[in-house]
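Notes for the one structure printed next.
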């Protein structure tokens, strides 16, 4: 997708060239980590030692100057751990390998859930997800119980990620600088990205105390050749993890496991429900119910607008109108009931076929629907883990605001 923005300034060109050089350094660093095993582990060891020493010094300072006895316990605990760490040549390897093993087992569970959903919907991929789950579980147990002997697996994972990050960044820079196309980005690590919305909510509350004028309160619908991408978050509960929606031509497109009568109690999976209707009503309701809403506005070319409309149509053609039984919930306990009770101009749809038929909190979630629509513009967020998070998408969009070659022109924040 060609970028139709203004010509780059000298400063922007210099920034893109520096970004390309940084990409080369990432690739070299990734390869060094893969082929020079000890460099990574020495860095981890001395990094831990430095953190523990800094913790001890800080705690002792606070103990004497702030007269906080709890800081003394922190200093003692950090000191004991530092002593054990320096006495054992493999403890830090076992700790890191154990954490990596737990993450691998988590991924095995994700693939297991995907296998179950594929079996439930009688769709393709059952065997592949089973093999992925088996492989991830095997690697997880290997790292947990034989981490020292198999630590090279972690070298491969970290080194490959950094090298891939550099390669994607380089390709993206070339596309922007020489081809005038929109660049892509490798997703931030899932562990960090998953908790980003909760961090944003806390940061926003703190900002509001000193700079309330930074926030908007009244939502305006998206009109013309523009696309809005919304991220919602709250301070507590499941909503801390964030939610992603698309606003286009005055309509909202919001996907989730919204049917309380056909979903798991954990909300890990359930019937996929697409909410379509008034963008202004829907987003304003979120703001009025104490939700923090981040809005990224993208400027589209006429061709991009047509591509967006085609993507939306391709999603809707596999759906059917869902008559939600709000009479079963007169107290308004469930989300869809509250939307109806507040007279919002919205319709609900389910899917008779396709990947959106069943919602999966890790993979087929709100991010995947939004991403399928946004990809029509040429923007691309690469999710190598297969786990899609609103936080990763926020990180991508936030770095795209007014960036050379980007169609993301504005960021707005709404709250009460």
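In full-length UniProt numbering, the protein residues as written are 1 to 416.
Yeah, the Cβ is synthetic: ideal placement off N, Cα and C, and Gly gets one too.
Sequence-distant residues of its chain with Cβ nearer than 8 Å to residue i (five each side left out)
i	result
residue 228	222, 246, 247, 248, 279, 295, 296, 297, 298
residue 202	235
residue 152	37
residue 267	238, 257, 361
residue 94	147, 148
residue 59	71, 72, 74, 75, 78
Cβ neighbour criterion (16 or more within 10 Å) applied to residue i
i	result
residue 54	exposed
residue 264	exposed
residue 328	exposed
residue 134	exposed
residue 341	exposed
residue 302	exposed
residue 337	buried
residue 381	buried
residue 379	buried
residue 50	exposed
residue 217	exposed
residue 172	buried
residue 405	buried
residue 200	buried
residue 424	With the chain covering only 1 through 416, there is no way to say anything about residue 424.
Candidates the options, of which the one nearest residue i by Cα
i	options	result
residue 376	19, 148, 306	306
residue 23	381, 162, 39, 283	162
residue 138	126, 103, 122, 171	103
residue 287	333, 208, 416	416
residue 146	220, 59, 354, 99	99
residue 155	8, 20, 43, 111	43
residue 110	365, 250, 200, 316	365
residue 371	308, 262, 86	308
residue 315	129, 211, 353	353
residue 413	250, 211, 123, 170	211
Residue i versus residue j - alpha carbon distance
i	j	result
residue 79	residue 68	17 Å
residue 454	residue 319	Only positions 1 to 416 of the chain appear in the structure, and residue 454 is not among them; the question remains open.
residue 233	residue 292	5 Å
residue 149	residue 252	52 Å
residue 311	residue 30	36 Å
residue 408	residue 397	7 Å
residue 119	residue 127	10 Å
residue 389	residue 64	43 Å
residue 97	residue 66	38 Å
residue 18	residue 131	41 Å
residue 3	residue 88	At residue 3, the pLDDT of 48 sits below 50, so the modelled position is not reliable; the number obtained from the coordinates is stated separately. Answer to the nearest angstrom: the Cα atoms are 55 Å apart.
residue 367	residue 48	35 Å
residue 284	residue 144	48 Å
Cut-off 6 Å between Cβ atoms - residues of its own chain near residue i, not counting five sequence neighbours on either side
i	result
residue 420	Coverage of the chain is limited to positions 1 through 416, which leaves residue 420 absent and any answer about it impossible.
residue 107	136
residue 369	255
residue 45	92
residue 411	296, 401
residue 356	272
residue 198	240
residue 72	63
residue 125	118
Pair within 7 Å by beta-carbon distance, residue i and residue j
i	j	result
residue 159	residue 33	yes
residue 324	residue 351	no
residue 363	residue 12	no
residue 417	residue 27	Only positions 1 to 416 of the chain appear in this structure, which leaves residue 417 out of reach.
residue 105	residue 82	no
residue 16	residue 177	yes
residue 345	residue 242	no
residue 140	residue 112	no
residue 190	residue 387	yes
Proximal residues to residue i (C-beta, below 7 Å), its chain only, five neighbours per side dropped
i	result
residue 196	391, 394, 395
residue 259	270, 271, 273
residue 418	The structure shown does not extend to residue 418, since the chain is modelled only from 1 to 416, so the question has no answer here.
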